[in-house]
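Residue numbers (mature numbering (1 follows the signal peptide of the UniProt record, and there is no 0)): -23 to -1, 1 to 471.
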């Protein structure tokens, strides 16, 4: 029933809206768990301020889904097999199983037909929506397919829900195209800095296209399904826009698949002046995920070190490094938890526990939602001649929601002893599966000159672990364990 409800709403999304789809001469296809749907013209769909609105009446008539409507109050209740959704015409707030949530647009009444935001309904039903720019296919994938077997002690590829697996029909899979070698996962712009997170092997190309415009092209690269789920993305056109605040050199950012070059992700930046802007680019990343940054401004070539306190003689100096920050969100959980927030929360709690000790000096690489380049994080610790560097992270395994556990990394410089000590305390606090102490050439580990470790507390892509990680009790317990691990490593009294 859940899939049928969402299929109907996606069908409505792709009907002509104010002539937009008909004018383009293209109508996207819909693929539901590998099956292409036959589209029929039913009710009209409206686009209100960028929000796609669909009529509830179609759901009730075509699927028999119980929907109650109170004309006097404008209250609508959608009864699901596993709970109910409550909305009110003109009210920006809705309720899912009694829990209040804010909508992207208020429901409206059009001649007796109630229109509601498609994106909200999709999220409330637990649907994952994908968009293939090249093939013009909207995909609908159940978050946890019915045929998924029970997770085993050691997860295997066959035991995990993999939305990106090949579809069983002849319809092209709505994921990265066969000719693409990379996928853009996230795009953000803040503080005169464009940040593009992608997976795969590609070298972005920056160029000035014309007066007042420049572009960033990623050859053989597709836009990911995650971008299709953002409010700035238009499923009808396969394009998106980023909000740009302030009075800097960039006034707008538009992204899409380049229509002239197949399998090329193209970002077009609108500039505030006609002169070519001053900018520099740099790339960060370990493993398959890469962060490409375009920094604008006269001093763009130099990323200054944050102001740091002078080391205090007689105290052990420990640098706490909350991973990611600002537009670099890190991993995104099954319930949209941002890794950068988890990392910062844990690091701040550890700092607060240890800051009053007379034998320790605690320094943070960031204390708020700020972007700090990886090399800069290492430079901070090196310039302070820190005695230990501890980086906070949370893990992800895309398409494998059963994978979980706690793991800790090191790379030379005496980091093994620190990593083993921290892992022992961390594992006891998380209660997750032991994924052991490992080595990796992460930038913050290989460029630091003191014992350094990087902790992955758990997997945000695992819904069960994500829920636990978000709890205050868990974070307080883990922070206390990390603090104890630091004291243990330096042989200091608790």
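We put the CB at the ideal spot given by N, CA and C, even for glycine.
Minimum Cβ-Cβ distance from residue i to chain C less than 9 Å
{"i": "residue 49", "result": "Here there is only one protein chain, and chain C is not present."}
Classification of residue i by the beta-carbon crowding that lies within 10 angstroms, buried from 16 upward
{"i": "residue 469", "result": "exposed"}
{"i": "residue 47", "result": "exposed"}
{"i": "residue 69", "result": "exposed"}
{"i": "residue 327", "result": "buried"}
{"i": "residue 127", "result": "With a pLDDT of only 43 at residue 127, under 50, the local geometry of the prediction cannot be trusted, and no value is derived from it."}
{"i": "residue 471", "result": "exposed"}
{"i": "residue 480", "result": "Coverage of the chain is limited to positions -23 through 471, which leaves residue 480 absent and any answer about it impossible."}
{"i": "residue 150", "result": "Summary for residue 150: the model assigns pLDDT 33, below 50, so the residue's position carries little reliability; its value from the coordinates is reported in the next sentence. With 16 or more other Cβ atoms within 10 Å, it is buried."}
{"i": "residue 267", "result": "buried"}
{"i": "residue 293", "result": "buried"}
{"i": "residue 473", "result": "This structure cannot speak to residue 473, because the chain is shown only from -23 to 471."}
{"i": "residue 49", "result": "exposed"}
{"i": "residue 295", "result": "buried"}
{"i": "residue 435", "result": "buried"}
{"i": "residue 122", "result": "Legend: pLDDT at residue 122 = 41, less than 50; position of this residue unreliable, no value from coordinates given."}
{"i": "residue -14", "result": "Legend: pLDDT at residue -14 = 49, less than 50; position of this residue unreliable, value from coordinates given subsequently. So residue -14 counts as buried."}
{"i": "residue 255", "result": "exposed"}
{"i": "residue 354", "result": "buried"}
{"i": "residue 416", "result": "exposed"}
Range of the contiguous beta strand (DSSP E) that encloses residue i
{"i": "residue 387", "result": "383 to 387"}
{"i": "residue 231", "result": "227 to 234"}
{"i": "residue 299", "result": "293 to 299"}
{"i": "residue 94", "result": "90 to 94"}
{"i": "residue 430", "result": "429 to 436"}
{"i": "residue 412", "result": "411 to 416"}
{"i": "residue 334", "result": "Here residue 334 belongs to no beta strand (DSSP E), and DSSP marks it neither H nor E."}
{"i": "residue 69", "result": "No beta strand (DSSP E) holds residue 69; DSSP gives it neither H nor E."}
{"i": "residue 162", "result": "159 to 167"}
{"i": "residue 439", "result": "From DSSP, residue 439 is part of no beta strand (DSSP E); its letter is neither H nor E."}
{"i": "residue 218", "result": "216 to 219"}
{"i": "residue 45", "result": "44 to 47"}
Cβ-based neighbour list, residue i, same chain, cut-off 7 Å, excluding 5 preceding and 5 following
{"i": "residue 331", "result": "337, 339, 460, 463"}
{"i": "residue 180", "result": "none"}
{"i": "residue 404", "result": "383, 411"}
{"i": "residue 352", "result": "420, 424"}
Same chain, Cβ closer than 6 Å to residue i, five either side skipped, listed in chain order
{"i": "residue 406", "result": "454, 455, 458"}
{"i": "residue 71", "result": "64, 78, 80"}
{"i": "residue 382", "result": "409, 410, 412"}
{"i": "residue 171", "result": "271"}
{"i": "residue 402", "result": "458, 461, 462"}
{"i": "residue 423", "result": "388"}
{"i": "residue 195", "result": "179, 181, 242"}
{"i": "residue 43", "result": "56"}
Span of the alpha helix (DSSP H) around residue i
{"i": "residue 353", "result": "351 to 360"}
{"i": "residue 305", "result": "Taken as a continuous stretch (DSSP letters only), residue 305 belongs to no alpha helix (DSSP H), as it is neither H nor E."}
{"i": "residue 329", "result": "316 to 331"}
{"i": "residue 395", "result": "392 to 407"}
Other residues of its chain near residue i: CB distance less than 8 Å, five sequence neighbours each side excluded
{"i": "residue 414", "result": "384, 385, 386, 387, 393, 396, 397, 400"}
{"i": "residue 441", "result": "381"}
{"i": "residue 86", "result": "51, 66, 92"}
{"i": "residue 437", "result": "308, 309, 310, 311, 314, 316, 319, 371, 372, 373, 443, 446"}
{"i": "residue 83", "result": "66, 67, 68, 69"}
{"i": "residue 209", "result": "27, 217, 218, 219, 220"}
{"i": "residue 285", "result": "340, 357, 360, 361"}
{"i": "residue 323", "result": "299, 369, 434, 452, 455, 456, 459"}
Three-state secondary structure assigned by DSSP to residue i
{"i": "residue 259", "result": "strand"}
{"i": "residue 244", "result": "strand"}
{"i": "residue 466", "result": "helix"}
{"i": "residue 180", "result": "coil"}
{"i": "residue 77", "result": "strand"}
{"i": "residue 455", "result": "helix"}
{"i": "residue 341", "result": "strand"}
{"i": "residue 210", "result": "strand"}
{"i": "residue 193", "result": "strand"}
{"i": "residue 424", "result": "coil"}
{"i": "residue 364", "result": "coil"}
{"i": "residue 313", "result": "coil"}
{"i": "residue 450", "result": "helix"}
{"i": "residue 272", "result": "strand"}
{"i": "residue 289", "result": "coil"}
{"i": "residue -13", "result": "Residue placement at residue -13 is flagged as unreliable, the pLDDT there being 44, under the threshold of 50; the coordinate-derived value follows with that caveat. In this structure, residue -13 counts as helix in the three-state DSSP scheme."}
Supposed contact pair residue j and residue i - C-beta distance, whole angstroms, cut 8 Å
{"i": "residue 431", "j": "residue 421", "result": "6 Å"}
{"i": "residue 365", "j": "residue 428", "result": "5 Å"}
{"i": "residue 369", "j": "residue 302", "result": "Actually they are not in contact, since the Cβ atoms of residue 369 and residue 302 sit about 11 Å apart, beyond 8 Å."}
{"i": "residue 246", "j": "residue 164", "result": "Contact doesn't hold; Cβ gap of about 11 Å is too wide."}
{"i": "residue 217", "j": "residue 232", "result": "5 Å"}
{"i": "residue 248", "j": "residue 230", "result": "At roughly 11 Å, the Cβ-Cβ gap does not stay under 8 Å, so residue 248 and residue 230 are not in contact."}
{"i": "residue 258", "j": "residue 182", "result": "Residue 258 to residue 182, Cβ: 10 Å. No contact."}
{"i": "residue 269", "j": "residue 175", "result": "7 Å"}
{"i": "residue 299", "j": "residue 342", "result": "7 Å"}
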